[in-house]
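Novice: First to last, the protein sequences are chains A and B.
Quick note: the first sequence, position 200, residue 200 per UniProt numbering, numbers continuous.
Quick note: the second sequence, position 253, residue 253 per UniProt numbering, numbers continuous.
Got a structure here, written out as structure tokens. Questions coming.
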Amino acid sequence: MKSLKLRIAVVLIALISSIYVVLTKPVTLGLDLQGGTHLVLQVDIEKALQDEVSAALAEIKNKLEEENIPLLSAKRDGKNIELLLLDSENVPQAVEMIKDDYGEMFEISTSENRILLKIKPSYVTKEVDRLAEQALETIRNRVDELGVAEPVIVRNGKDRIIVELPGIKDPERAKKVIGKVAKLEFKEVVDVARTPDELITKLKGTIPSMATVAVKPSPFGPKFFLIKGDKEEKIEVKNLEELVRKFGGEVPEDQQLLIQEIKNKEGKVVGYTFFIVKKEPILTGAYLKDAYPSTDEYGMPAVSFELNSEGARIFKAYTSKHVGTRLAIVLDGKVQSAPTIRSAIGARGQITGQFSYQEARDLSIVLRAGALPAPVKIIEETTVGPSLGKESIEKGVKAGIAGLILVMLFMIVYYKLSGVIADLALLMNVCILWASLALLGATLTLPGIAGFILTIGMAVDANVIIFERIREELRKGRNLFSAVEAGFSRAWGTIIDANVTTLIAAAVLFQFGTGPIKGFAVTLSLGILSSMFTAVFVTKVLLDVIVKYKRNIFSI
Amino acid sequence: MKRKFNFIGKRYLAYAISLLLIVGSWVYGVFVKGPQFGIDFTGGVLVQVKVEEEGITTGRLRELFKGKVDGVTVQNIESENEFLIKAPVIGDPNKVTEKVTHTVKEAFGSKAEIRRVEMIGPTVGKELREKGTMALIYALIGILLYVAWRFEPIFAFGAILALVHDTLATIGIFMSVGREFSLPVIAALLTVIGYSINDTIVVYDRIRENMKVLLRSKPFEELVNDSINQTLSRTLITSLTTFFVVLCLYLFGGGVINDFAFVLLVGIIVGTYSSIFIASAIVVDWYKYVKKMK
């Protein structure tokens, strides 16, 4: 580009268009600046697979019963199933039957009357992908129902999901709605106990004489204490089964223990009811068609649901046979309510519990959006309040302006008129950098602001290299014109080498970094590129103009 | 030619100072202070809270968590009534988060503002730690390859040694003042690497240029020393302007970014020092060694 006029035009166009972009297109602010919640969820695939195997086992048992194939025992061991038939003659028929339904899922092997089902690795691989996709879909639906503007929900790696909720007011609630598995199950109630003592005795355990097991509620589950006279000793247990076993009790293999929370008017847990229920559910939330908030017969908040036709059929068949017994409605392993069946129930039902209106609303959201195919765990969270975000911006801007002024003053003092030119290039650099952030739709984060500020300090480097070179050439006695030319051409290689190495570091940062760090890498790289343009090209144009028209005012 | 300093002549003194600095700061940092890792790397919960109440102290907050959440540390930051509460993750990390915020809300109600919550599960912490270390190593390798390609292997060797020097010294000083490693700190270290190599490359460029014309007429040592002197004003000016902005970032940037700015601040000083006293000096010694071998 020899012609000076043409180059002036390029500079002006770059300047005007970047100013235009800066004025019209806003830069997206990261969660750390505008406030919001960033979550990384991990889908518990292992648990989901085990649940699937459990469901398969139940189905296989049913089928065998239908076909009148007597079964001695059926066990699940992790992700494998072992079936013992009464009669080894039935084995081929049973295998054939299982192959039809589960040939894709299991590797089947037999010996005498034993059938072993081993889950196939190819099935697991496919399933991991399906489960993660499905979890993503479910979470997307839930977030949509929460009404968050511009959420980001993406899969990250094999089994992780990133959720970003900008500007959210109540992160606790959002976390609950997103993370709730919403696994709804209907289970047959075997027995009920009001106190731990009663539960333990019912399961044939014995409590030391003159002692009693007391339960104290906390927001994080029940805590148990052994009370002997006025001595109180905490019993450390993971779950109810362990508590019962501690006192020599035993839970039958096909049964499990669940709690129901008793809440007071403020929604605080004040006690528990203990349930012994059948392990295999009668029905699960998979048969749910719809769910919506409603009120129960006392006008308290409840959640009404509707089953699909198959669910309705199973439900009707069961309830008509079990009038007078209790049915536990279990949500994520906790009994919500346990009504007595008065008559056969069809497609509609109601979950009462001691909900607040908000809880009933949130529960219908999660039920409607579908249960997560597997439990998800929040393994990373960053929530930034809006006030902190605003403060960060203010501080960042203050630091940036202070830095900018210092650098500009320094350049003028040290290089005089050439310093002014470098400053103009620097201002243009800031403008172009901001515009390219906006154009690329990059997200500005707090480290990104730091990167921006750092760029200001480093951007003049190219100018310094050039100016020092020009000074050197002038000292050698060259005339102004050729000194400027030599300065630029000699400095160019150095500037490239120096900046490429910094870009390498930035690229690594971008590759490994998460959210905010990535933002830092982006601003740093863009800053380097745009500073190469402004510090070399723009400065050259301005110097050429002076050298050509106003030689007498030149100073460096 | 302006005044000339004999940087290369003082190189053994510089080596000694650097060695002393690195070994000293690491021994002090690791054994006396003990390296501090933020929740990015250990997993844990961090809650930043502002409490609008007279006479609120870290002691009072600490008292609050006694018997409720284990291993809580409370630290006063920025203004008088703003605190960082940190807790290790034991069991379910979400419960720990909930417990901490719950306890604060219960005690202060609307007087407390939860400004920031960060939770990082222990497995994620381990992953991030590994990733961070790998990133540093990858960056060094990438730069090594580039310098070896653009210059000569001996330059690459000097450059990498200078970078390792800068990284070690900056980490050492960072540990010695008892600051805490976190992801932004790793990012800052990578930036320091990028910055320091930038400084070094400019000197190398000049050495290479001088080698083309002067290698026969001058001993290599003197040639390198001249090159350092010729680029000295540029090295100092750029360091100064960068130092200005980082200082502003350190002073005005706020608490969240303070560690980050601190690393840059130290890194720029160390990086400038190493590109003058270490990077080229190593090239000289390596060059001499290779010649002797021949």
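Built from N, CA and C at the ideal position, the CB exists for glycine as well.
Which of helix, strand or coil does DSSP assign to glycine 349 of chain A?
Specialist: Strand.
Novice: Helix, strand or coil for leucine 145 of chain B per DSSP?
Specialist: In this structure, leucine 145 of chain B counts as helix in the three-state DSSP scheme.
Novice: Pick helix, strand or coil for methionine 1 of chain B, following the three-state DSSP scheme.
Specialist: With a pLDDT of only 47 at methionine 1 of chain B, under the threshold of 50, the placement of this residue in the model should not be trusted; the figure read from the coordinates follows. Here methionine 1 of chain B sits in coil by DSSP.
Novice: How would you call proline 184 of chain B, buried or exposed, if buried means at least 16 neighbouring beta carbons within 10 angstroms?
Specialist: Its Cβ being crowded by 16 or more others within 10 Å, proline 184 of chain B is buried.
Novice: Would you verify that the beta carbon of leucine 424 of chain A is, or is not, closer than 8 angstroms to some beta carbon of chain B?
Specialist: So no, leucine 424 of chain A is outside the interface.
Novice: Just to confirm my understanding: we take glutamate 52 of chain B, look at its own chain, exclude 5 residues before and 5 after, and list those with CB closer than 6 angstroms. What are they?
Specialist: Counting only Cβ-Cβ distances below 6 angstroms, and skipping sequence neighbours, we find Lys111.
Novice: According to DSSP, phenylalanine 224 of chain A sits in a beta bridge with which residue or residues?
Specialist: Answer by DSSP bridge pairing, in chain order: A:Val215 and A:Ile235.
Novice: Can you tell me whether glutamate 96 of chain A is buried or exposed, with buried defined as 16 or more other CB within 10 angstroms of its CB?
Specialist: Counting Cβ neighbours within 10 Å, glutamate 96 of chain A comes out exposed, since fewer than 16 surround it.
Novice: Give me the chain A residues within the contact set of phenylalanine 252 of chain B, using Cβ-Cβ distance strictly less than 8 angstroms, ordered along the chain.
Specialist: Correct list: Lys395, Lys398, Ala399 and Ala402.
Novice: Flag this pair as touching only if the stretch 304-319 of chain A and the stretch 345-356 of chain A have three or more C-beta atom pairs under 8 angstroms; answer yes or no.
Specialist: These segments touch.
Novice: How would you label phenylalanine 355 of chain A, buried or exposed, when you count the other beta carbons within 10 angstroms and need 16 or more for buried?
Specialist: The residue in question, phenylalanine 355 of chain A, is buried, as its Cβ has 16 or more Cβ neighbours within 10 Å.
Novice: Return the chain-ordered ranges of every beta strand (DSSP E) run that is complete within the stretch 281-322 of chain A and spans a minimum of 3 residues.
Specialist: With a minimum length of 3 residues, the continuous beta strand (DSSP E) runs that stay inside the stretch 281-322 of chain A are 288-295 and 301-307.
Novice: Along the beta strand (DSSP E) that carries phenylalanine 274 of chain A, what are the first and last residues, could you check?
Specialist: Where phenylalanine 274 of chain A is concerned, the enclosing beta strand (DSSP E) stretches over 269-278.
Novice: Under 7 angstroms Cβ-Cβ, which residues of chain A neighbour serine 233 of chain B?
Specialist: The answer, in chain order, is Glu468.
Novice: So for leucine 85 of chain A, helix, strand or coil by DSSP?
Specialist: Reduced to three states, the DSSP call for leucine 85 of chain A is strand.
Novice: Can you list the residues of chain B that methionine 428 of chain A reaches, using a CB-CB cut of under 9 angstroms?
Specialist: Within 9 angstroms Cβ-Cβ: nothing; methionine 428 of chain A doesn't reach chain B, min ~17 angstroms.
Novice: Measuring only between beta-carbons, confirm whether lysine 95 of chain B sits less than 8 angstroms from chain A.
Specialist: So yes, lysine 95 of chain B belongs to the interface.
Novice: Is tryptophan 434 of chain A buried or exposed, if buried means 16 or more other CB atoms sit within 10 Å of its CB?
Specialist: Buried, since its Cβ has 16 or more Cβ neighbours within 10 Å.
Novice: Could you please give the first and the last residue of the uninterrupted alpha helix (DSSP H) stretch that includes methionine 411 of chain A?
Specialist: That run of the alpha helix (DSSP H) goes 386-415.
Novice: Could you tell me the boundaries of the alpha helix (DSSP H) in which methionine 119 of chain B lies?
Specialist: No alpha helix (DSSP H) holds methionine 119 of chain B; the beta strand (DSSP E) holding it covers 112-120.
Novice: Relative to the alpha-carbon of valine 154 of chain A, which residue among A:Leu136, A:Arg142, A:Lys216 and A:Lys169 has its alpha-carbon at the smallest distance?
Specialist: Ranking the options by Cα distance to valine 154 of chain A, first place goes to A:Leu136.
Novice: Can you pull the chain A residues whose beta carbon is under 7 angstroms from the beta carbon of alanine 187 of chain B, in chain order?
Specialist: In chain order: Pro447, Leu509, Gly513, Ile517 and Phe520.
Novice: Quick one: is tyrosine 204 of chain B buried, meaning 16 or more other Cβ sit within 10 Å of its Cβ, or exposed?
Specialist: Burial call: buried.
Novice: In the DSSP assignment, find the unbroken alpha helix (DSSP H) run with proline 447 of chain A in it and report its ends.
Specialist: It spans 446-475 - the alpha helix (DSSP H) in which proline 447 of chain A sits, taken as one unbroken run.
Novice: Can you give me the C-alpha to C-alpha distance between aspartate 259 of chain B and valine 245 of chain B, rounded to a whole angstrom?
Specialist: Their backbone Cα atoms lie some 15 angstroms apart in a straight line.
Novice: When you compare only the Cα positions, how much space is there between leucine 15 of chain A and leucine 240 of chain B?
Specialist: In a straight line, the C-alpha of leucine 15 of chain A is about 28 angstroms away from that of leucine 240 of chain B.
Novice: Quick check on lysine 204 of chain A: does DSSP put it in helix, strand or coil?
Specialist: In this structure, lysine 204 of chain A counts as coil in the three-state DSSP scheme.
Novice: What residues of chain E sit near glycine 24 of chain B, judged by a beta carbon separation below 8 angstroms?
Specialist: In the structure shown, chain E cannot be found, because the protein chains are A and B.
Novice: Please state whether DSSP places glutamine 354 of chain A in a helix, a strand or coil.
Specialist: Coil at glutamine 354 of chain A, not helix or strand.
Novice: Tell me the residue span of the beta strand (DSSP E) that contains lysine 86 of chain B.
Specialist: Segment 82-87, the beta strand (DSSP E) holding lysine 86 of chain B.
Novice: Please state whether the Cβ-Cβ distance between glutamine 42 of chain A and valine 376 of chain A is less than 8 angstroms.
Specialist: For glutamine 42 of chain A and valine 376 of chain A, yes; Cβs fall inside 8 angstroms.
Novice: Using 8 angstroms as the Cβ pair cut-off and three pairs as the minimum, do the stretch 221-240 of chain A and the stretch 294-303 of chain A touch?
Specialist: No contact exists between the stretch 221-240 of chain A and the stretch 294-303 of chain A.
Novice: Skipping 5 residues on each side, what residues in its chain have a beta carbon closer than 7 angstroms to that of alanine 16 of chain B?
Specialist: Result list for alanine 16 of chain B: empty, nothing under 7 angstroms.
Novice: Mind checking aspartate 40 of chain B: buried by the 16 CB within 10 Å criterion, or exposed?
Specialist: Buried.
Novice: Is it true that the CB of alanine 87 of chain B sits closer than 8 angstroms to the CB of valine 69 of chain B?
Specialist: Yes, the Cβ-Cβ distance between valine 69 of chain B and alanine 87 of chain B is below 8 angstroms.
Novice: Could you tell me if phenylalanine 181 of chain B is buried or exposed, where buried requires 16 or more neighbouring beta carbons within 10 angstroms of its beta carbon?
Specialist: With 16 or more other Cβ atoms within 10 Å, it is buried.
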